[in-house]
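Numbering (our numbering), first residue to last: 7 to 300.
Have a look at this one:
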């Protein structure tokens with residue numbers, strides 16, 4: 007391939023990635039998934055966590071607010087945290103750390119935003135929550151630590167649920183990408199984003215059965231892979247997916263797809279919460295860290 011052509015494709019991919027800033031799932035969709043996830047955890051989590059689901063759901067909307075145009079630096083840093091497009095990597099093994107991923111992108115002459123960094127956002131926020139839970143174990147009466155856990159959980163849930171939106175795992179994020187890598191902007195992305203909030207939520211919390219991930223990064227990669235496999239399914243449903251302000255026909259293929267995605271969002275979120283809680287028992291906090299008991 008000629009150098010000029012490579013540059014054109016790289017530029018188009020960068021433009022496509024930069025423009026891909028539509029929210030994955032609207033705010034009410036994240037709210038619905040968070041409440042289902044929290045209810046599915048039952049007694050596996052500390053009591054304050056389930057009682058704080060309103061705060062978790064509230065904070066789940068914040069990562070999209072971080073992308074307002076009024077703060078271009080924050081918007082620039084935040085946008086790639088919401089997607090992870092697999093095609094530009096061409097099957098390469100995904101490194102376990104953000105810095106190693108940056109090095110891989112450089113080796114492939116890619117900007118990191120041409121792929122996205124959602125995989126690392128999910129892992130890193132899970133680990134931040136793990137540390138906050140470790141502090142709670144040591145200082146269980148400290149309300150500030152409890153508040154921090156709820157805020158971190160809300161932010162984590164957003165990124166986790168974003169990768170469950172199939173169009174956030176592909177360069178075909180808003181219509182099948184053109185040959186130069188640019189997006190045709192068909193509007194399908196916004197219609198899919200609106201689905202979750204319309205779900206009937208037939209899934210019962212007891213049916214979620216969240217799990218503890220032994221290998222967190224591998225689990226996140228696997229969830230992205232499962233979501234990516236549904237890209238073709240999304241485009242098969244394209245003409246049947248209603249406008250953002252229209253309901254989903256009950257019993258339809260779109261309704262079944264939506265319920266399955268809500269279940270996936272809630273299960274993945276609950277499993278990350280549970281993993282953070284269980285792993286927090288292994289964390290040794292530094293001796294210099296001295297929180298107040300209350």
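Even for Gly, the Cβ is constructed at its ideal location relative to N, Cα and C.
Cβ neighbours of residue 130 in the same chain (closer than 8 Å, five flanking residues each side left out): On the chain shown, residue 130 is found 124 positions in, with the first residue counted as 1. Within the same chain, Cβ atoms closer than 8 Å to the Cβ of residue 130 are found at 104, the five residues on either side in sequence being excluded.
Residue from 258, 235, 67, 102 with nearest C-alpha to residue 88: Reading the chain shown from its first residue, position 82 is the one you call residue 88. The shortest Cα separation from residue 88 among 258, 235, 67, 102 belongs to 67.
Three or more C-beta pairs below 8 Å linking the segment 47-65 and the segment 277-285: At 8 Å Cβ cutoff, the stretches touch.
Per-residue DSSP class, three states only, for residue 139: On the chain shown, residue 139 is found 133 positions in, with the first residue counted as 1. If DSSP states are grouped into helix, strand and coil, residue 139 belongs with the helices.
6 Å CB neighbourhood of residue 25 in its chain, flanking five on each side removed: Position 19 of the chain shown, counted from the start, is the residue given in the question as residue 25. Below a pLDDT of 50, predicted positions are generally treated as unreliable, and residue 25, at 46, falls in that range; no measurement from the model is reported.
Spatial distance of residue 235 from residue 287 (CA atoms): The count along the chain shown starts at 1 and reaches residue 235 at position 229. The count along the chain shown starts at 1 and reaches residue 287 at position 281. If I take the Cα positions, the gap works out to 35 Å.
Rounded separation between residue 299 and residue 175 - CA only: By 1-based counting over the chain shown, the position of residue 299 is 293. By 1-based counting over the chain shown, the position of residue 175 is 169. Straight-line Cα distance between these residues: approximately 43 Å.
For residue 189 and residue 180, believed in contact at Cβ under 8 Å, the rounded distance: Here residue 180 corresponds to residue number 174 of the chain shown, with the count starting at 1. Here residue 189 corresponds to residue number 183 of the chain shown, with the count starting at 1. 5 Å between Cβ atoms; contact.
Residue 260 to residue 250 span [Cα, whole Å]: Your numbering for residue 260 matches position 254 in the chain shown. Your numbering for residue 250 matches position 244 in the chain shown. Spanning the alpha carbons of residue 260 and residue 250 requires a straight line of approximately 13 Å.
Residues that DSSP places opposite residue 179 in a beta bridge: The count along the chain shown starts at 1 and reaches residue 179 at position 173. DSSP, once it has assigned bridges, lists 181 as partnering residue 179.
Contact under 7 Å by Cβ, residue 169 with residue 233: Sequence index remark: in the chain shown, residue 169 carries index 163 (1-based). Sequence index remark: in the chain shown, residue 233 carries index 227 (1-based). Between residue 169 and residue 233, the gap from beta carbon to beta carbon is short of 7 Å.
Residue 248 versus residue 292 - alpha carbon distance: By one-based count along the chain shown, residue 248 stands at place 242. By one-based count along the chain shown, residue 292 stands at place 286. Between residue 248 and residue 292, the C-alpha separation is close to 52 Å.
Segment contact, 8 Å Cβ cut-off, at least three pairs: the segment 200-209 with the segment 262-272: Taking a contact to require three or more Cβ pairs closer than 8 Å, the segment 200-209 and the segment 262-272 qualify as touching.
With 16 other Cβ atoms within 10 Å as the buried cut-off, status of residue 8: Numbered from 1 along the chain shown, position 2 holds the residue referred to as residue 8. Note that residue 8 has pLDDT 48, beneath the 50 cutoff, so the model's placement of it is unreliable and no number is given.
Assigned secondary structure, residue 250 (DSSP; H/G/I helix, E/B strand, else coil): As a position in the chain shown, residue 250 is number 244, starting the count at 1. If DSSP states are grouped into helix, strand and coil, residue 250 belongs with coil.
Alpha-carbon to alpha-carbon, residue 294 and residue 32: Taking the chain shown and counting its residues from 1, the one referred to as residue 32 is at position 26. Taking the chain shown and counting its residues from 1, the one referred to as residue 294 is at position 288. Going by the C-alpha atoms only, they are around 41 Å apart.
Under 7 Å between C-beta atoms of residue 72 and residue 122: The sequence position of residue 72 within the chain shown is 66, counting from 1. The sequence position of residue 122 within the chain shown is 116, counting from 1. Note that the C-beta distance between residue 72 and residue 122 is not below 7 Å.
Residue burial classification, residue 229 (beta-carbon count within 10 angstroms, cutoff 16): Translated into positions along the chain shown, residue 229 becomes position 223. Under this definition residue 229 is a buried residue.
For residue 194, the first and last residue of its enclosing alpha helix (DSSP H): Numbered from its first residue, the chain shown carries residue 194 at position 188. 194-199 is the extent of the alpha helix (DSSP H) around residue 194.
CB contact flag (residue 101, residue 110, <7 Å): By 1-based counting over the chain shown, the position of residue 101 is 95. By 1-based counting over the chain shown, the position of residue 110 is 104. Less than 7 Å divides the Cβ of residue 101 from the Cβ of residue 110.
From 98, 127, 147, 125, residue whose alpha carbon lies closest to that of residue 113: Here residue 113 refers to the residue found at position 107 when the chain shown is read from its first residue. It is 98 whose Cα lies nearest to the Cα of residue 113.
Reduced DSSP secondary structure (H/G/I, E/B, other) of residue 275: On the chain shown, residue 275 is found 269 positions in, with the first residue counted as 1. Of the three classes helix, strand and coil, the one that applies to residue 275 here is helix, per DSSP.
C-alpha distance - residue 296 paired with residue 141, whole-angstrom precision: Reading the chain shown from its first residue, position 290 is the one you call residue 296. Reading the chain shown from its first residue, position 135 is the one you call residue 141. Those two C-alpha atoms are separated by around 10 Å.
Three-state secondary structure (DSSP) of residue 266: The residue you call residue 266 lines up with position 260 of the chain shown. Helix.
Burial state of residue 38 (16 or more Cβ within 10 Å): Position 32 of the chain shown, counting from 1, holds the residue named residue 38. If you draw a 10 Å sphere on the C-beta of residue 38, you find 16 or more other C-beta atoms in it, and that means buried.
Contact check, residue 278 vs residue 166, beta carbons under 7 Å: The sequence position of residue 278 within the chain shown is 272, counting from 1. The sequence position of residue 166 within the chain shown is 160, counting from 1. Yes. Within cutoff.
Straight-line gap, residue 43 to residue 171 (C-alpha atoms, nearest Å): As a position in the chain shown, residue 43 is number 37, starting the count at 1. As a position in the chain shown, residue 171 is number 165, starting the count at 1. Going by the C-alpha atoms only, they are around 16 Å apart.
Exposure of residue 23, with buried meaning 16 or more beta-carbon neighbours within 10 Å: In the chain shown, residue 23 corresponds to position 17, counting from 1. Model confidence at residue 23 stands at a pLDDT of 44, short of 50, so the residue's coordinates are unreliable; what they give is reported in the following sentence. Buried: at least 16 other Cβ atoms inside 10 Å.
C-beta contact flag for residue 61 and residue 163 at 7 Å: Here residue 61 refers to the residue found at position 55 when the chain shown is read from its first residue. Here residue 163 refers to the residue found at position 157 when the chain shown is read from its first residue. No, the Cβ-Cβ distance between residue 61 and residue 163 is not below 7 Å.
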